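Laid out in structure tokens, this is it:
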């Protein structure tokens, strides 16, 4: 049974420091099992300026078992699958500790963006490129950040703005857009 | 004819009959009576000369706000000696419990008083107020104030018993080393931290919003595995090679356990078996909760190995410490030959009276105890003041250690004494009045005269222990 009291405390703690760290966690629905994490791309890396969304699922044994995390935003990184968003990070596997929290886990993922580990890859193609053609890797990573981590954020905001201008309440617009995966037309159908 | 000291404020004193006596001046000379002080401010009028019965108003005593001391002002023309310090006319000095006061410039020719403060329970409690960040007292696993806090060694980080135990259990299931959740040091040892537990309890009293729900507390308590100090195996991964005795030598510090080396009675410890350390001999035994033989005393929750090894037919030898059976056994199997030292709140005088009564009745101590254990088991005795854990669940077949057995015997002897008719008590003793503070009296421990003068095997009628 998940320790829901602890998850509540974690969400409060994250929201307190969201301005400073840029890291956010919010529930997808009411049960606190499915959450969305958001991390900014680290400064001085090809991911700078990007906003990356991470799907979080809490297992029944949380906090004694690690949360399951997966990039929702496409990212070009040796330790993150460019196809599925799966993350290769030891603290999300065997090195998990119950004293770690969602926030510290997201900070570790952010640190992973700063310091790829190509010797222990999740995505062999990216790792290969990183090792053999670093400059192309950097260019590709920056391109993916521009294409997916920035545009998607801006795209969402634009859609929210349009729908709000039609007279729909912003909170509802955001939740429905989230539910339909950002499809503006489907969102409009549900709002009506 | 017993005369009490008079005071010039007697009119106001009689106007306040409910005033309690909070202090007195005790004369070393038995010919004169003690001076009792019940008002917060009093001018003392009593004998001062060793050769005369005349009373003089020679000082004023004012109770201090801390309730542990008083201020004395010299109201006489003489210099007064207080603990050897000269106090001149109209000067003041602070006096404490036990201060010696001579109403004259030297010991020759003057009587000697000793100042006593009647220490009612809690009257001298001194509590320091400090600032503590509550976040420093939170378990890093549940992010809440510690509940039943345990400390892990060697790194000394602290967690709720329930939280750490759940992590311990899951680590064992995965056959991996138990790492400290906070710093990843390998944990070899975990024990309750009684000091931090009281800190957490004080914080709860100060801020009740930190209180957990009853359900949450109950859940944590069911998870809790650490009852006394717990030694945790190193958790070395031996999947690729056979387990050999050589491994035990490298863990010699933590595994002085016979079943780690050889199979005994069908059981042999695995490399990750959790061990208990015996509180009597320091030897180790595997923690086997499903096994039928108790390993914990039900009175104090400490672990003892006497019952365990005895059940397996193991006796002590030079290599492994093993207790005799009597360190942990059912209450009805323990034996007693003399009244425990802690009986009657360690009042030797009352112990002697009880011992004398038993012999006077033509009985023996074991005989009396056996009878009262039966009464105890039949619920004829109020158990609230029994100083054992799980008091309500204890029966004659409950396993307890020696210390807890002595506590039980002391508890039963109190009720035995209450049941003795007055005419069976020694004549001098049956005539005594009950002490106001009863069994909770603290004066009985430092004043032999008071211990003999009043009966202390009785309930308090004053103080907060009523």
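Chains as they are written, first to last, in the numbering used here: chain A, 1 to 192; chain B, 1001 to 1466. All residues carry an ideal CB built from backbone N, CA and C; glycine is no exception. Model, not experiment: these values are computed from the prediction.
Of all C-beta pairs linking the region 1069-1083 of chain B to the region 1097-1113 of chain B, three or more are shorter than 8 Å, placing the two stretches in contact. For the 8 Å CB-CB criterion, residue 1096(B) and residue 1140(B) do not form a contact.
Counting only Cβ-Cβ distances below 9 Å, residue 9(A) has contacts in chain B at 1142, 1143 and 1144, in chain order. Among the residues facing chain A, residue 1167(B) is included, as its CB has a counterpart in that chain under 8 Å away. The C-beta distance from residue 1152(B) to residue 1131(B) rounds to 27 Å, too long to meet the 8 Å contact threshold. A residue is called buried when at least 16 other Cβ atoms come within 10 angstroms of its Cβ; residue 1045(B) meets this threshold and is buried.
Taking 8 Å as the cut-off, the beta carbon of residue 1369(B) is found closer than this to the beta carbon of residue 1409(B). One alpha carbon belongs to residue 12(A), the other to residue 1232(B), and they sit about 35 Å apart. Chain order gives the chain A residues near residue 1216(B) as 5, where near means a beta carbon separation below 8 Å. Contact annotation: residue 1114(B) and residue 1035(B) have beta-carbon atoms that are not nearer than 8 Å. 1284(B) is the residue among 1313(B), 1432(B) and 1284(B) whose C-alpha sits nearest the C-alpha of residue 1305(B).
Residue range 170-179 is occupied by the alpha helix (DSSP H) that includes residue 176(A). When CB distances to chain A are screened at a threshold of 9 Å, the residues of the region 1172-1197 of chain B falling below it are 1174, 1176, 1179, 1180, 1181, 1182, 1183 and 1184, in chain order.
The continuous alpha helix (DSSP H) containing residue 1308(B) extends over residues 1306-1311. Under DSSP, residue 57(A) forms a beta bridge with 34(A) and 68(A).
Cα atoms of residue 49(A) and residue 75(A): separation of roughly 13 Å, rounded to the nearest angstrom.
If you check the CB distance, residue 141(A) and residue 46(A) come in under 8 Å. For a Cβ distance threshold of 7 Å, residue set 1141 of chain B lies close to residue 63(A), ordered along the chain. Between residue 115(A) and residue 1281(B), the alpha-carbon positions lie close to 53 Å from each other. Taking a cut-off of 8 Å on C-beta distances, the region 1171-1188 of chain B does not touch the region 1210-1230 of chain B, as fewer than three cross pairs fall below it. According to the DSSP assignment, residue 1041(B) belongs to no alpha helix (DSSP H) but to the beta strand (DSSP E) extending over 1041-1047.
Among the residues of chain B, those whose CB is under 7 Å from the CB of residue 99(A) are 1140, 1141, 1181 and 1182, following chain order. Any Cβ of chain A closer than 8 Å to the Cβ of residue 1170(B) would place that residue at the interface, and such an atom is present. Less than 8 Å separates the beta-carbon of residue 1463(B) from that of residue 1437(B).
By the Cβ rule, the region 1356-1366 of chain B does not count as touching the region 1385-1396 of chain B, because fewer than three pairs are nearer than 8 Å. A Cβ-Cβ contact shorter than 8 Å links residue 102(A) with residue 67(A). Counted as a single uninterrupted DSSP element, the stretch harbouring residue 112(A) is not any beta strand (DSSP E) but the alpha helix (DSSP H) occupying residues 102-114. Setting aside the 5 residues that flank it on each side, residue 1327(B) is surrounded in the same chain by 1280, 1304, 1306, 1401 and 1402, each with a C-beta closer than 7 Å to its C-beta; the list follows chain order. Of all C-beta pairs linking the region 1194-1211 of chain B to the region 117-137 of chain A, fewer than three are shorter than 8 Å, placing the two stretches out of contact. Here residue 1345(B) is not near residue 1452(B), since their CB atoms are 8 Å or more apart.
Each residue's CA atom was taken as its position, placing residue 1273(B) and residue 1396(B) some 32 Å apart. The C-alpha of residue 98(A) is placed about 16 Å away from the C-alpha of residue 1150(B). A buried status is given to residue 100(A), since no fewer than 16 other beta-carbon atoms sit within 10 Å of its beta-carbon. Here residue 1073(B) carries a strand assignment [DSSP, helix/strand/coil].
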